[in-house]
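Each number in this note's numbering corresponds to the 1-based position in the sequence shown with 2 added. We put the beta carbon where it would ideally sit given N, CA and C, even for glycine.
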Amino acid sequence: MILKDKVAVIYGAGGGIGGAVARAFAREGAKVFLTGRKRTAVEAVARDIVSAGGFAETAEVDALDEKAIDKHLQSVISQAGRVDISFNAVGIPDTKTLGVPLAELELELFSLPLMSYATSYFLTARLAARRMVANKSGVIMTVSATHSREGIPLVGGYGPAQAVKEALTRNLSAELAPHGIRVVGLRPNAMPETRTIKNAWEPRAKATGMTWEQWQQMLASRTHGKRLMTLEETANVAAFMASDQASGMTGTTVNLTMGRVDD
Ligand SMILES: NC(=O)c1ccc[n+]([C@@H]2O[C@H](COP(=O)([O-])OP(=O)(O)OC[C@H]3O[C@@H](n4cnc5c(N)ncnc54)[C@H](OP(=O)(O)O)[C@@H]3O)[C@@H](O)[C@H]2O)c1
Numbered sequence: 003m004i005l006k007d008k009v010a011v012i013y014g015a016g017g018g019i020g021g022a023v024a025r026a027f028a029r030e031g032a033k034v035f036l037t038g039r040k041r042t043a044v045e046a047v048a049r050d051i052v053s054a055g056g057f058a059e060t061a062e063v064d065a066l067d068e069k070a071i072d073k074h075l076q077s078v079i080s081q082a083g084r085v086d087i088s089f090n091a092v093g094i095p096d097t098k099t100l101g102v103p104l105a106e107l108e109l110e111l112f113s114l115p116l117m118s119y120a121t122s123y124f125l126t127a128r129l130a131a132r133r134m135v136a137n138k139s140g141v142i143m144t145v146s147a148t149h150s151r152e153g154i155p156l157v158g159g160y161g162p163a164q165a166v167k168e169a170l171t172r173n174l175s176a177e178l179a180p181h182g183i184r185v186v187g188l189r190p191n192a193m194p195e196t197r198t199i200k201n202a203w204e205p206r207a208k209a210t211g212m213t214w215e216q217w218q219q220m221l222a223s224r225t226h227g228k229r230l231m232t233l234e235e236t237a238n239v240a241a242f243m244a245s246d247q248a249s250g251m252t253g254t255t256v257n258l259t260m261g262r263v264d265d
C-alpha cells in the first residue's frame with residue numbers, strides 16, 4: 003500500500019476522475035476526505051470505498067468558495083491531524099461554450115472556465131499549502147487536458163484554462179518545493195467512459211455523421227497504442243504520483259496522452 007495512512011482531500015470527488023482517484027488512493031491505504039458541490043455523488047463513491055474496507059468521509063464543499071474550503075480543511079485536520087494530499091479534480095460545466103467559435107464568443111463565457119479553474123485550483127492549493135508548510139511535507143495535485151498543448155477548435159476558454167493550471171503547477175512548485183511540498187499535475191487523454199467526454203464529443207460525432215464508436219476509434223487512432231486510457235489507468239498513475247515513491251517529481255504535469263501530444 004503506497005499511500006498507507008496518508009490523509010487526502012479530493013475536490014470534485016463525485017466526478018469521473020475525482021471518483022476514480024479517490025478509489026485508487028483508498029485502495030493504496032489513504033484516508034480519503036471526499037468533497038463535492040452535491041453530496042449525493044460523493045456519497046456513492048464513499049460507499050464503494052467503505053464497503054471495500056477503506057476509510058472515506060464526505061462533505062459538501064464548493065471548491066470556488068474560500069471560506070468553505072478553509073473550514074473543511076480545518077475539520078479534516080481536527081479529525082485526522084494533518085493533510086498530506088490535496089487533489090483538485092473539479093470540472094466546470096461548459097455546455098454553453100462548446101461549439102461556439104472564439105470570434106463569436108461573449109467575453110463572459112470565454113472568461114468563465116479561465117476564472118473558475120484558476121480560482122478553484124489556486125484556492126485549494128493555497129489553503130492546503132498553508133497547512134502542509136507546518137509539516138514540511140505534502141503533495142498538491144490537479145488534472146489538465148491535451149487542450150493545454152494543442153490547438154483545438156470550438157472549446158472557448160477551456161484550452162487556455164488548462165494551460166493556466168499547468169503554469170500554476172510549475173509556479174506553486176517553485177515556491178513550495180523548498181518547504182517539502184511537491185506540486186504535480188496529470189494531463190490525461192479523453193476517457194470515453196466519462197460523462198465529460200460523452201457530453202462533449204457525442205454531439206460532435208453525430209454532427210459529422212459518425213457513430214459514437216467510430217468517433218472513439220478516430221480519437222484512439224491518434225495515440226501510439228491505438229487505444230484510449232481508462233479512468234483506472236489514470237488513477238493508478240495519480241496514486242503513484244501522490245506517494246513517496248514519486249518524491250523526485252515536482253513542478254511538472256505528467257503526459258498521459260499515450261503519445262498523442264509530444265513533450
Ligand atoms: N474525462 C476525461 O476524459 C478528461 C480528460 C482530460 C481532462 N479532464 C478534465 O479533468 C477534470 C475532471 O473531469 P471529469 O471527467 O472527472 O469531470 P466530471 O465527471 O464532470 O467531474 C467534475 C466534478 O467537479 C464537480 N464540481 C464542479 N464545480 C464544482 C465546484 N465549484 N465545487 C466542487 N465541485 C465542483 C462536479 O460536480 P457537479 O456534478 O455538481 O457539477 C463533478 O463532480 C475536468 O477539468 C476535465 O476537463 C477530463
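Query	Result
Three or more C-beta pairs below 8 angstroms linking the stretch 122 to 133 and the stretch 86 to 96	yes
Beta carbon of L253 nearer than 8 angstroms to that of A130	For clarity, residue 253 is Gly in the given sequence; the question names Leu instead. No, the Cβ-Cβ distance between G253 and A130 is not below 8 angstroms.
Proximal residues to D64 (C-beta, below 6 angstroms), its chain only, five neighbours per side dropped	R39, A70
Contacts around Q62, its chain only, beta-carbon distance under 6 angstroms, and the 5 residues preceding and following it disregarded	The question names Gln, but residue 62 in the sequence shown is Glu. Taken in chain order, the residues that qualify are R41.
Local conformation of T196 per DSSP, three classes	coil
Rounded Cβ spacing between V135 and H181 (contact assumed at less than 8 angstroms)	5 angstroms
Reduced DSSP category for K228 - H, G, I as helix; E, B as strand; rest coil	coil
Selection from K33, G83, T236 that minimises the alpha carbon distance to T60	K33
DSSP beta-bridge partners of P190	L258
Nearest-angstrom Cβ-Cβ length linking G18 and T196, presumed shorter than 8 angstroms	4 angstroms
Uninterrupted alpha helix (DSSP H) stretches inside the stretch 36 to 110 (no shorter than 4 residues)	41 to 53, 68 to 82
Closer than 7 angstroms: L66 CB and nearest ligand 1 heavy atom	yes
S88 CB to nearest heavy atom of ligand 1 below 7 angstroms	no
Assumed close pair V47, A15 - CB separation to whole angstroms, cut-off 8 angstroms	6 angstroms
Backbone CA spacing between F27 and L5 [nearest angstrom]	7 angstroms
Beta carbon of L170 nearer than 8 angstroms to that of A248	no
Residue interval of the beta strand (DSSP E) (run including M143)	140 to 145
Assigned secondary structure, I19 (DSSP; H/G/I helix, E/B strand, else coil)	helix
Closest residue to P115 among K98, R29, A58 (Cα-Cα distance)	K98
Reference A2; option with closest CA among W217, M243, V186, M212	Since the first residue of the chain shown is 3 and the last is 265, residue 2 is not available in this structure.
Under 8 angstroms between C-beta atoms of R151 and V263	yes
P95 Cβ short of 7 angstroms to ligand 3 heavy atom set	In the structure shown, ligand 3 is absent; the only ligands present are ligand 1.
Residue range of the alpha helix (DSSP H) that includes R163	Sequence check: residue 163 is Ala here, not Arg. 160 to 178 is the span of the alpha helix (DSSP H), which, as asked, contains A163.
Cβ-based burial, G55 [other Cβ within 10 Å; buried from 16]	exposed
Reduced DSSP secondary structure (H/G/I, E/B, other) of V263	coil
Proximity below 8 angstroms, CB of M143 to CB of M243	yes
Helix, strand or coil at R128 [DSSP, three-state]	helix
Integer-rounded CB distance, given that S146 should sit under 8 angstroms from G187	6 angstroms
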